[in-house]
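For the sequence shown, numbering that gives the first Met the number 0 assigns the number 0 to the initial residue and increments by one for each residue that follows.
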Amino acid sequence: MWGCVLLAICTTATEPVSLGGAGAFTVLAKTAITTDGTTTILGDIAISPAFAAAMTGFGLILDSSGEFATSSIVVGQVYASDYASPTPTVLAATIFEMEAAYDDATSRPVSGAAFHGIVTTFDRSSMIDPSVTAA
């Protein structure tokens, strides 16, 4: 079983919610990312302010630069706040942009009601509808 926090950002406004640098990540978390090893993630993942040790089940291999790691189940790069500079600074800014996007999205009315984020845990294969896009 693996857990994932999904930040679904929806709006009926004409202007999309800007994700800033957070939009570059498939998975972006502040506290933990876990997998049972049967997952395949397409794109970069990152965690901050937690350290790489909070990403479990990935079999991370630190790149010689020390700025990112790789994993056989991630088609992309893996970043953590305890990796070499400039990674910690970049991730701190990225987390700030994720939080700003969430604040922006939740302040917008959706069908007359405020939107709330979604926290979910998957215990089987899960797919997000490919027609869903984020700006």
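Ideal Cβ placement from N, Cα and C applies to all residues, glycine included.
Source: prediction; values computed, not measured.
On a Cα-Cα basis, can you pick out the residue from the options that is closest to residue i?
i	options	result
Gly-65	Phe-50, Gly-56 and Ser-84	Ser-84
Asp-62	Val-77, Ile-72 and Val-73	Val-77
Asp-43	Arg-107, Glu-14 and Leu-59	Leu-59
Thr-30	Thr-37, Ala-23 and Leu-90	Leu-90
Leu-27	Glu-96, Thr-39 and Tyr-82	Glu-96
My output table needs one value for residue i: the three-state DSSP class, helix, strand or coil.
i	result
Thr-105	helix
Ala-175	Residue 175 lies beyond the stretch modelled for the chain, which goes from 0 to 134, so this question has no answer here.
Taking the beta carbon of residue i as the centre, do at least 16 other beta carbons fall within 10 Å, making it buried, or is it exposed?
i	result
Ala-79	buried
Ser-47	buried
Thr-34	buried
Thr-93	buried
Leu-41	exposed
Glu-14	exposed
Thr-86	buried
Should the region 52-64 be regarded as contacting the region 12-22, the criterion being three or more beta carbon pairs within less than 8 Å? When Cβ pairs closer than 8 Å are counted between the two stretches, the region 52-64 is seen not to touch the region 12-22, the count staying below three.
Mind listing, in chain order, the continuous alpha helix (DSSP H) runs of no fewer than 4 residues lying wholly within the region 49-95? For the region 49-95, not a single whole alpha helix (DSSP H) run of length 4 or above is found.
Does the pairing of the region 68-76 with the region 94-101 give three or more beta-carbon distances under 8 Å? With a cut-off of 8 Å, the region 94-101 and the region 68-76 do not count as touching, because too few Cβ pairs lie within range.
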